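Just below is one structure, and these are the notes that go with it.
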Amino acid sequence: MSVVELVCCLAIVGICMGCIMAFSGEAISNLSIELSKVELDCFLENQRLKAVRRSKTVELIYNYRQRKLYSNTGDLLENCLWKNLEDFRIIFNGEGSIAILSGSTTLYFENDTVLTIQPVTGKVTY
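Take the sequence shown: its letter number 96 is residue 96 in our numbering, and every next letter is one higher.
Spelled out as structure tokens, the structure:
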């Protein structure tokens, strides 16, 4: 193998590594956002089931400054990745229905995807 061939091979490997590094950062970011959506969906379902099981209202309050979703059951969802700049309050009644008390439950993420919590049913759509 000549020096020119070696330099070409190293250049190709370098370009490939650069491409992998550039795209892996975006892929990791998108994966963390998707996991955040699933985590929120599971948290909401868990709170709905607690309301049904206890036959009591469960209130959820999102504080956008702290990026935390608080529940009156003591549960907490931290490091929320949506970029909405307003708080919201929702409740689950003892039958599992959801009511939006204030704020918007259409959540926007950094990768321009949207998650919506539907009123009454509590269905989460991505």
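Ideal Cβ placement from N, Cα and C applies to all residues, glycine included.
Since the model is a prediction, treat every value here as computed from it, not as a measurement.
Identify the continuous alpha helix (DSSP H) that holds E45 and give its terminal residues.
-> That run of the alpha helix (DSSP H) goes V3 to R54.
Touch test, the segment 79-99 against the segment 41-61, Cβ-Cβ under 8 Å, three pairs minimum = yes
Look at the Cβ atom of K83, then the Cβ atom of Y108, and state whether they are nearer than 8 Å.
-> yes
Coil, strand or helix - Y64 by DSSP | coil
Closer than 6 Å by C-beta to Y62: which residues in its own chain qualify, once you throw out the five before and the five after it? Chain order, please.
-> L69, D87 and F88
State yes or no: is the C-beta of T113 within less than 8 Å of the C-beta of I12?
-> No, the pair does not count as a contact, with Cβ atoms beyond the cut-off.
How big is the Cα-Cα spacing for Q47 and T57?
-> Straight across, the Cα-Cα distance linking Q47 with T57 is about 10 Å.
C80 vs S24 beta-carbon contact at 8 Å = Taking 8 Å as the cut-off, the Cβ atoms of C80 and S24 do not count as close.
Since S97 and V120 are thought to touch, with beta carbons under 8 Å apart, how far apart are those beta carbons, to the nearest angstrom?
-> Contact between S97 and V120 holds, with the beta-carbon distance rounding to 6 Å and staying under 8 Å.
What number of angstroms, rounded off, separates the C-alpha of N30 from the C-alpha of N111?
-> 7 Å
Residue closest to L40, alpha-carbon to alpha-carbon, out of I15, G18, C8 and S71 | S71
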